[in-house]
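Participant: The structure's right below; bear with me while I get my questions together.
Numbering (our numbering), first residue to last: 17 to 182.
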(Lines of atoms letter the chains of each structure in order from A; the text may use other names.)
(Lines give C-alpha, C1' and ligand atoms only; values in the text may rest on other atoms or scores of the structure.)
Protein backbone atom coordinates (compact mmCIF):
# COMPACT_ATOMS: atom_id res chain seq x y z
CA UNK A 17 0.00 0.00 0.00
CA UNK A 18 2.94 2.35 0.46
CA UNK A 19 3.38 2.15 -3.32
CA UNK A 20 -0.13 3.53 -3.80
CA UNK A 21 0.63 6.42 -1.49
CA UNK A 22 3.85 7.10 -3.41
CA UNK A 23 1.90 7.08 -6.68
CA UNK A 24 -0.65 9.50 -5.28
CA UNK A 25 2.10 11.83 -4.03
CA UNK A 26 3.98 11.66 -7.32
CA UNK A 27 0.89 12.90 -9.16
CA UNK A 28 1.77 16.39 -8.00
CA UNK A 29 5.14 16.13 -9.74
CA UNK A 30 3.64 15.40 -13.19
CA UNK A 31 4.13 18.35 -15.55
CA UNK A 32 0.95 19.45 -17.29
CA UNK A 33 1.20 21.86 -20.19
CA UNK A 34 -0.97 24.94 -19.78
CA UNK A 35 -2.12 24.52 -23.40
CA UNK A 36 -3.54 21.11 -22.55
CA UNK A 37 -2.76 17.47 -22.96
CA UNK A 38 -4.35 14.25 -24.03
CA UNK A 39 -5.94 13.19 -20.77
CA UNK A 40 -6.78 9.71 -22.04
CA UNK A 41 -3.08 8.93 -22.44
CA UNK A 42 -2.28 10.26 -18.97
CA UNK A 43 -5.08 8.22 -17.40
CA UNK A 44 -3.86 5.11 -19.19
CA UNK A 45 -0.37 5.66 -17.71
CA UNK A 46 -1.76 6.07 -14.18
CA UNK A 47 -3.91 2.97 -14.51
CA UNK A 48 -0.91 0.99 -15.74
CA UNK A 49 1.12 2.13 -12.71
CA UNK A 50 -1.66 1.29 -10.27
CA UNK A 51 -2.32 -2.08 -11.92
CA UNK A 52 1.36 -3.06 -11.87
CA UNK A 53 1.42 -2.57 -8.11
CA UNK A 54 -1.85 -4.39 -7.40
CA UNK A 55 -2.20 -7.78 -9.02
CA UNK A 56 -5.28 -8.61 -6.93
CA UNK A 57 -7.75 -6.55 -8.98
CA UNK A 58 -8.28 -6.01 -12.67
CA UNK A 59 -8.52 -2.35 -13.76
CA UNK A 60 -10.45 -1.89 -17.01
CA UNK A 61 -10.35 1.39 -18.92
CA UNK A 62 -12.76 2.60 -21.61
CA UNK A 63 -12.63 5.87 -23.50
CA UNK A 64 -15.64 7.20 -25.41
CA UNK A 65 -16.09 10.10 -27.77
CA UNK A 66 -13.46 12.13 -29.58
CA UNK A 67 -10.58 12.87 -27.25
CA UNK A 68 -9.61 16.51 -27.00
CA UNK A 69 -6.75 18.24 -25.30
CA UNK A 70 -7.76 19.18 -21.77
CA UNK A 71 -6.51 22.30 -19.96
CA UNK A 72 -3.66 21.41 -17.58
CA UNK A 73 -5.48 22.45 -14.40
CA UNK A 74 -8.45 20.25 -15.25
CA UNK A 75 -6.19 17.35 -16.24
CA UNK A 76 -4.40 17.60 -12.89
CA UNK A 77 -7.69 17.60 -10.95
CA UNK A 78 -9.17 14.72 -12.92
CA UNK A 79 -5.96 12.68 -12.59
CA UNK A 80 -5.84 13.33 -8.85
CA UNK A 81 -9.43 12.17 -8.40
CA UNK A 82 -8.78 9.10 -10.55
CA UNK A 83 -5.68 8.06 -8.59
CA UNK A 84 -7.32 8.70 -5.20
CA UNK A 85 -10.48 6.83 -6.18
CA UNK A 86 -8.68 3.76 -7.52
CA UNK A 87 -6.23 3.79 -4.60
CA UNK A 88 -9.13 3.89 -2.13
CA UNK A 89 -10.90 1.04 -3.92
CA UNK A 90 -7.78 -1.13 -3.89
CA UNK A 91 -6.83 -0.21 -0.33
CA UNK A 92 -10.24 -0.55 1.32
CA UNK A 93 -12.72 -2.25 -1.01
CA UNK A 94 -10.99 -5.48 -2.03
CA UNK A 95 -12.56 -5.42 -5.52
CA UNK A 96 -12.06 -8.04 -8.20
CA UNK A 97 -12.60 -5.35 -10.86
CA UNK A 98 -12.34 -1.58 -11.10
CA UNK A 99 -13.84 -0.01 -14.24
CA UNK A 100 -12.84 3.44 -15.46
CA UNK A 101 -14.99 5.12 -18.13
CA UNK A 102 -13.85 8.43 -19.60
CA UNK A 103 -16.33 10.09 -21.98
CA UNK A 104 -15.43 13.17 -23.99
CA UNK A 105 -18.44 15.36 -24.69
CA UNK A 106 -17.09 18.21 -26.82
CA UNK A 107 -15.35 20.55 -24.38
CA UNK A 108 -16.54 18.57 -21.37
CA UNK A 109 -15.85 15.19 -19.91
CA UNK A 110 -17.51 12.61 -17.72
CA UNK A 111 -15.38 10.26 -15.62
CA UNK A 112 -16.90 7.24 -13.87
CA UNK A 113 -14.93 4.89 -11.67
CA UNK A 114 -16.80 1.81 -10.43
CA UNK A 115 -15.65 -1.14 -8.40
CA UNK A 116 -17.28 -4.38 -7.30
CA UNK A 117 -15.68 -4.27 -3.86
CA UNK A 118 -17.12 -4.35 -0.36
CA UNK A 119 -18.71 -0.92 -0.54
CA UNK A 120 -19.53 1.09 2.57
CA UNK A 121 -22.10 3.36 4.17
CA UNK A 122 -21.28 6.81 2.74
CA UNK A 123 -22.79 8.55 5.78
CA UNK A 124 -19.91 7.23 7.92
CA UNK A 125 -17.47 9.45 6.00
CA UNK A 126 -18.74 12.75 7.35
CA UNK A 127 -19.30 14.34 10.71
CA UNK A 128 -22.60 16.17 11.23
CA UNK A 129 -20.92 19.44 10.16
CA UNK A 130 -19.83 17.90 6.83
CA UNK A 131 -16.14 17.62 7.74
CA UNK A 132 -14.30 14.32 7.19
CA UNK A 133 -14.93 11.80 9.96
CA UNK A 134 -11.88 10.17 11.48
CA UNK A 135 -9.19 9.61 8.86
CA UNK A 136 -11.40 9.81 5.76
CA UNK A 137 -9.54 12.59 4.02
CA UNK A 138 -9.36 10.88 0.60
CA UNK A 139 -12.98 11.68 -0.25
CA UNK A 140 -12.59 15.21 1.12
CA UNK A 141 -9.51 15.65 -1.08
CA UNK A 142 -11.42 14.43 -4.15
CA UNK A 143 -14.26 16.86 -3.42
CA UNK A 144 -11.78 19.70 -2.99
CA UNK A 145 -10.06 18.86 -6.30
CA UNK A 146 -13.45 18.76 -8.03
CA UNK A 147 -14.34 22.15 -6.57
CA UNK A 148 -11.00 23.62 -7.68
CA UNK A 149 -11.69 22.69 -11.31
CA UNK A 150 -15.39 23.59 -11.20
CA UNK A 151 -16.54 19.98 -11.57
CA UNK A 152 -19.58 18.15 -10.27
CA UNK A 153 -18.54 15.27 -8.03
CA UNK A 154 -20.67 12.40 -6.75
CA UNK A 155 -19.85 9.37 -4.64
CA UNK A 156 -22.17 6.41 -4.27
CA UNK A 157 -21.69 3.23 -2.30
CA UNK A 158 -23.48 0.71 -0.14
CA UNK A 159 -22.20 -2.22 1.90
CA UNK A 160 -21.73 -5.24 -0.36
CA UNK A 161 -22.48 -3.25 -3.53
CA UNK A 162 -19.20 -1.59 -4.47
CA UNK A 163 -18.50 2.09 -4.98
CA UNK A 164 -18.90 4.57 -7.83
CA UNK A 165 -17.24 7.96 -8.24
CA UNK A 166 -18.61 10.28 -10.93
CA UNK A 167 -17.04 13.51 -12.11
CA UNK A 168 -18.34 15.93 -14.75
CA UNK A 169 -16.54 19.08 -15.87
CA UNK A 170 -16.58 21.45 -18.81
CA UNK A 171 -13.88 23.89 -19.80
CA UNK A 172 -15.78 25.79 -22.54
CA UNK A 173 -17.49 28.20 -20.12
CA UNK A 174 -14.29 28.73 -18.17
CA UNK A 175 -12.41 29.72 -21.34
CA UNK A 176 -15.18 32.14 -22.39
CA UNK A 177 -15.18 33.72 -18.92
CA UNK A 178 -11.40 34.27 -19.10
CA UNK A 179 -11.73 35.88 -22.54
CA UNK A 180 -14.37 38.25 -21.19
CA UNK A 181 -12.00 39.48 -18.46
CA UNK A 182 -9.23 40.40 -20.95
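All C-beta atoms in this analysis are idealised placements derived from N, C-alpha and C, irrespective of residue type, glycine included.
These figures come from a predicted structure and were not determined experimentally.
Go ahead and pull the three-state DSSP assignment for residue 112.
Facilitator: Here residue 112 refers to the residue found at position 96 of the chain shown. Looking at residue 112 - three-state DSSP - the assignment turns out to be strand.
Participant: What's the call for residue 115, buried or exposed, on a 16-neighbour Cβ count within 10 Å?
Facilitator: Position 99 of the chain shown holds residue 115. It counts as buried.
Participant: Measure the C-alpha to C-alpha separation of residue 108 and residue 168 and round it to an integer number of angstroms.
Facilitator: Position 92 of the chain shown holds residue 108. Position 152 of the chain shown holds residue 168. Cα to Cα, residue 108 sits roughly 7 Å from residue 168.
Participant: Closest by CA to residue 102, which one among 161, 154, 66 and 55?
Facilitator: Here residue 102 refers to the residue found at position 86 when the chain shown is read from its first residue. Of the listed residues, the one whose Cα sits closest to residue 102 is 66.
Participant: Give the straight-line distance between the Cα atoms of residue 62 and residue 100, rounded to the nearest whole angstrom.
Facilitator: What you label residue 62 is simply residue 46 of the chain shown in a count that begins at 1. What you label residue 100 is simply residue 84 of the chain shown in a count that begins at 1. When rounded, the distance between both Cα atoms is 6 Å.
Participant: Quick one: which unbroken alpha helix (DSSP H) runs of 4-plus residues sit fully inside the region 23–109? Chain order, please.
Facilitator: Complete alpha helix (DSSP H) runs here, min 4: 39–52 and 72–88.
Participant: On a Cα-Cα basis, can you pick out the residue from 64, 68, 59 and 77 that is closest to residue 90?
Facilitator: Locating residue 90 in the chain shown gives position 74, where the first residue counts as 1. Measuring from the Cα of residue 90, the nearest candidate turns out to be 59.
Participant: What did DSSP end up calling residue 137 once you bin it into helix, strand or coil?
Facilitator: As a working note, residue 137 is residue 121 in the chain shown. Here residue 137 sits in helix by DSSP.
Participant: With a CB to CB cut of under 6 Å and the five nearest residues on each side skipped, what residues in its chain are close to residue 160?
Facilitator: Here the question's residue 160 lines up with position 144 in the chain shown. Around residue 160: 119.
Participant: Straight-line CA distance for residue 162 to residue 50?
Facilitator: As a position in the chain shown, residue 162 is number 146, starting the count at 1. As a position in the chain shown, residue 50 is number 34, starting the count at 1. Residue 162 and residue 50: Cα-Cα distance of roughly 19 Å.
Participant: To which residues of the same chain is residue 84 closer than 7 Å at the C-beta, ignoring the five residues directly before and after it?
Facilitator: Looking up residue 84 in the chain shown gives position 68. Taken in chain order, the residues that qualify are 24, 138, 141 and 142.
Participant: Quick one: is residue 105 buried, meaning 16 or more other Cβ sit within 10 Å of its Cβ, or exposed?
Facilitator: For the purposes of this step, residue 105 is taken as the residue at position 89 of the chain shown. Exposed, by the Cβ-count rule.
Participant: Between residue 80 and residue 94, which are expected to be in contact by the criterion C-beta below 8 Å, what is the C-beta distance as a whole number of angstroms?
Facilitator: For the purposes of this step, residue 80 is taken as residue 64 along the chain shown, with counting starting at 1. For the purposes of this step, residue 94 is taken as residue 78 along the chain shown, with counting starting at 1. Not confirmed; about 23 Å, so no contact.
Participant: Is DSSP giving residue 172 helix, strand or coil here?
Facilitator: For the purposes of this step, residue 172 is identified with residue 156 of the chain shown, where counting begins at 1. In this structure, residue 172 counts as helix in the three-state DSSP scheme.
Participant: Short of 7 Å in beta carbon distance, which residues of its chain neighbour residue 74, apart from the five on each side in sequence? Order them along the chain.
Facilitator: For the purposes of this step, residue 74 is identified with residue 58 of the chain shown, where counting begins at 1. Taken in chain order, the residues that qualify are 149, 169 and 171.
Participant: Start and end of the beta strand (DSSP E) containing residue 153?
Facilitator: Here residue 153 refers to the residue found at position 137 when the chain shown is read from its first residue. Element bounds for residue 153: 152–157.
Participant: For residue 122, does the count of other Cβ atoms within 10 angstroms reach 16, so buried, or fall short, so exposed?
Facilitator: In the chain shown, residue 122 corresponds to position 106, counting from 1. Flag for residue 122 reads exposed.
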